[in-house]
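One structure is given here, and the rest of the page talks about it.
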Amino acid sequence: MSEIHTSEQLTSAYEQYKQLLATRLGVVVDDDTKMILVCGGTGCHASESDKIVKNFQDLIEKNGLNDKVFASISGCFGFCEKGPIVKIFPENVFYVQVKPEDTDEIFEQHILNGKKVTRLLYEEPTLNEKKETSDEIPFYKLQQRVALRNCGLINPEKIEEYIATGGYQALSKVLTQMTPQQAIAEMIASGLRGRGGAGFSTGKKWEFASKYQSEEKFIICNADEGDPGAFMDRSIMEGDSHSVIEGMAIAGYAIGAHQGYVYIRAEYPLAVHRLEIAIAQARETGLLGKDILGTGFDFDIAIRLGAGAFVCGEETALIHSLQGQRGEPGTKPPFPAESGLWAKPTIVNNVETLANVPVVFTRGAEWFQSIGTETSKGTKVFALAGKVNNVGLVEVPMGTTLREIVYGVGGGIKAGAEFKAAQTGGPSGGCIPRQYLDTPIDYESLASIGSMMGSGGMIIMSDHDCMVNIARFYMEFIVEESCGRCVPCRIGNKRMLEILTDITEGRGTEESLQELRELSQTIIDTSLCGLGQTAPNPVLSTLKYFMDEYEAHVKEKRCPAGVCQKLMKYEILPEKCIGCTSCARNCPVGCISGSVKQVHVIDQSKCIKCGACMTRCKFGAVVRN
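Residues 561 to 1185 (our numbering) are what the sequence shown spells out, left to right.
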């Protein structure tokens, strides 16, 4: 596309390109025009969604419909449980779990003959009803997509489609109609808080950096998403990189920065690829670089790849890594807003925060404030995972209850199991038990019950999960990811892991529980950075809400959920055992005794808990306790 040098030219480009989205947005120009969108997020991409697009494009070519039917990738639709997803406009028909070999049938029936492929429609499990459109699916009904507004709507590799949504209009407005101070004031008024975990006011952060005088200032996008089960930022980068670029440019203007960096994990190759495309397109169009929109404002962005260290999600560790140093956190103050990258004033915002920025300026601070709660404005994106039926990427208004997310958006617990807990905030968060299902999801409410928002990971656990083992898992992650700079985190968390391992393997005592509490408090009080200071949270929350499970492990040497292998006990029910000898013959350590047609017995002192006896028994005589 041609270069854009003024705001008027940007508006003209918008008028020109908005027809690209007309069919998708329900502004039907021609009833015969069809648009086929195929999810191009990582999950669907891994399931050959690129081949699905290619198949559709070949069929369009073969049938001579190049001017009537169009097929393209899009960003993540969010409903990852049902991917790959194909959406057809203007009917807005929503096909799920599509395979490359399904494209012929979809094209023949739907595109050529106007008939829906019923077998590929989503089926609502409780009612056994097929749903034709995404609007009818419960997964989407409670959602309000703001940060994810363009994911699943546009081709992320075409800047024309981003401009067609009104993209870069916020940047134009800020550069031509607002002073940096006015831009900061608007951001403060919006109430947007950082979506990376701490929840600090974005506008206030910008204001701090703007007040420091320096020839150089920097904007850093933190795309080093490392929480287990989290994929929010990755999906935004894959599906709508331009929103982040625009947000960074606005932030740069507000604080007086002319250079931005995106620090992104090398493990996200698709996100990196699409970000590279978006930056190159923005430069070629004149929306990055020198004299943007003829305003005299210069701003450019470079990509820096992280090596997958979780600690580099902490802003000072990230800055050290970006400078080519060891990724270790530094002491604060000074904060990066005063002395950050190369000792210059630096703002670090995460991907979701920056994706919200253009919306604040196009829709207005008042509109953004109308969403959410008194203290937590806007929406929040969550990566919903675990034992929930509808695994995927969801965006809901702040204040939505946990129950609404789990049972409304998430469709309840898998296999008819019972909800036990939700883990939010990643390794820094806590486990929320059943009694808090009606807690509104916002910064203050989560903190009050021993958890935190974090970047947006939400892992749902059922009554089949052991909470002691969950705590051990997160502590294992922390020990692995600790930079080792400070003793409390390096040694204290390792000792906590040892205690938790002892408990899950039957060596724990009641004194172990007190040791966990004391160590937790010491680590919180004395660790250098947020990683160590919040590391004990999963342990403390499980101790608080699931003490009965800890006591069963240490007092009864029993795992109530039947997860901790070394605490499992296999027994043979005399009333069901017929003495077939199958269990004894298949026991690898020979711990089962008994004669043919006689009741068999397991020697618990020799049993290695492998479960071979239960697997081989055809009569249900072997049980696990």
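Virtual Cβ for every residue (Gly too), placed ideally from N, Cα, C.
Keep in mind the model is a prediction, meaning the values are calculated, not measured.
DSSP, read as helix, strand or coil, puts P1120 in coil. Within the segment 609-652, complete beta strand (DSSP E) segments of at least 3 residues are found at 629-634, 646-649, given in chain order. The segment 808-857 contains, as complete beta strand (DSSP E) runs of 3+ residues, the segments 819-825, 849-852 (chain order). Residue environment: K1136 is assigned as exposed (fewer than 16 neighbouring CB atoms within 10 Å of its CB, all protein chains considered). For F859, the secondary structure class from DSSP, reduced to helix, strand or coil, is strand.
With contacts defined by Cβ atoms closer than 8 Å, I861 and L853 do not form a contacting pair. Within the segment 639-717, the alpha helix (DSSP H) runs of at least 4 residues that lie entirely inside it are, in chain order, 663-666, 698-701. A distance below 8 Å separates the beta carbons of Q841 and I719. Spanning the alpha carbons of G754 and N626 requires a straight line of approximately 44 Å. Approximately 41 Å separates the beta-carbon atoms of G952 and C1167; this is outside 8 Å, ruling out the contact. Here the alpha carbon of F1106 sits roughly 48 Å from the alpha carbon of T725. In the three-state reduction of the DSSP assignment, L1088 falls in the coil class, being assigned neither a helical nor a strand state.
Shown here for Y996: same chain residues with a beta carbon closer than 8 Å to its own, the five before and five after excluded, namely L962, I1009 in chain order. If you ignore the 5 residues before and after K1115, its C-beta comes within less than 8 Å of the C-beta of E1070, all in its own chain and listed in chain order. A direct Cα-Cα distance of roughly 8 Å separates W927 from V920.
Counting along the chain, the unbroken alpha helix (DSSP H) around L882 starts and ends at 875-882. Taking C-beta atoms under 8 Å as the contact rule, G712 and G638 qualify, at a distance of about 7 Å. Annotation for R1184: the continuous beta strand (DSSP E) segment containing it runs 1182-1184. When the alpha-carbon of C1046 is set against those of R923, Y722, G890, the nearest one is in G890.
Relative to T999, the option among M958, M1027, I1038, F1037 whose CA is nearest is M958. Remark: C-beta atoms of G1014 and C1049 do not approach each other more closely than 8 Å. Counting along the chain, Y574 sits inside the alpha helix (DSSP H) bounded by residues 567-577. A Cβ-Cβ contact shorter than 8 Å links G970 with L944.
If only uninterrupted alpha helix (DSSP H) runs of at least 4 residues are considered, those enclosed by the segment 971-1057 are 1003-1008, 1027-1041. Under the DSSP assignment, K904 falls outside any alpha helix (DSSP H); it carries neither an H nor an E label.
L680 and Q657 have their C-alpha atoms spaced approximately 7 Å apart. In this structure S632 is buried. Its beta-carbon is surrounded by 16 or more other beta-carbon atoms within 10 angstroms. Distance from the CA of G946 to the CA of F654, rounded to the nearest whole angstrom, comes to 24 Å. According to the DSSP secondary-structure assignment, K937 is paired through a beta bridge with G932. When the beta-carbon positions are compared, F778 and G846 stay at least 8 Å from each other. Proximity to L672 across K690, F616, L585 peaks at F616, based on C-alpha coordinates.
For N710, the closest C-alpha among the options G643, Q579, N916, Y682 is that of N916. Within its own chain, the residues whose Cβ lies closer than 6 Å to the Cβ of G763, once the five positions on either side in sequence are excluded, are I744, M747, I748, listed in chain order.
Shortest Cα-Cα distance from K733 to any of C781, R825, G924, A838 involves G924.
In the DSSP assignment, the residues bridged to A945 are I1019.
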